[in-house]
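In the numbering used here, the protein residues as written are 3 to 119.
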C-alpha cells in the first residue's frame, strides 16, 4: 500500500480529513493557503466556503464516526466544481482554477498508476 498522509481540515467547528498520497500532501496544504489568501479578493456573490488546512499527519485512527475521511481526488473534484461555478467578473479566477486543476490532474495520474500496479 502506498504511503498516505492526511490533511486535517477545519470549517467552523467541523473537522474532516483528506487522504492524500504522501508525495502530494504538501501541495494540497499549500494550495489551501493560497486559496485562502486570494478568496477574499473575489467579488462574486456566491463564493464557496473553504475549510482551513490546520495540520498534516501520517496516520489517522478515528474514534468519532461523524468525522469524514475524503479521498484526495474526490476532494479536488469537489473543489474544482465549486470554484468553476463562481461567476467572477473582477478577479482573474483562472489562475486559481489552473492551480486546482493542476493538482487534480496529478492526482488522477497518481491513482491511475496505482491501479496499474
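For each residue, glycine too, the CB sits at the ideal point set by N, CA and C. Since we're looking at a predicted model, the values are computed, not measured.
Item to check | Alpha-carbon spacing of residue 10 relative to residue 92, whole angstroms | outcome: Against the chain shown, residue 10 aligns to sequence position 8. Against the chain shown, residue 92 aligns to sequence position 90. Roughly 32 Å separates the two Cα atoms.
Checklist entry - Rounded C-beta distance between residue 27 and residue 58? I'm assuming under 8 Å. => result On the chain shown, residue 27 is found 25 positions in, with the first residue counted as 1. On the chain shown, residue 58 is found 56 positions in, with the first residue counted as 1. Sure, about 6 Å apart at Cβ, within 8 Å.
Checklist entry - Is residue 77 closer than 7 Å to residue 20 when the C-beta atoms are compared? => result Residue numbering aside, residue 20 sits at position 18 when the chain shown is read from its first letter. Residue numbering aside, residue 77 sits at position 75 when the chain shown is read from its first letter. Cβ atoms of residue 20 and residue 77: closer than 7 Å.
Next on the checklist: Restricting to Cα atoms, I'd like to know which of 8, 89 and 113 is closest to residue 48.
Outcome noted: The count along the chain shown starts at 1 and reaches residue 48 at position 46. Nearest option by C-alpha distance: 89.
Item to check | Contact under 7 Å by Cβ, residue 85 with residue 99 | outcome: Against the chain shown, residue 85 aligns to sequence position 83. Against the chain shown, residue 99 aligns to sequence position 97. Going by C-beta atoms, residue 85 is nearer than 7 Å to residue 99.
Next on the checklist: Using a 10 Å radius around the Cβ and a threshold of 16 neighbouring Cβ atoms, would you call residue 31 buried or exposed?
Outcome noted: Reading the chain shown from its first residue, position 29 is the one you call residue 31. Residue 31 is buried by the Cβ-count criterion.
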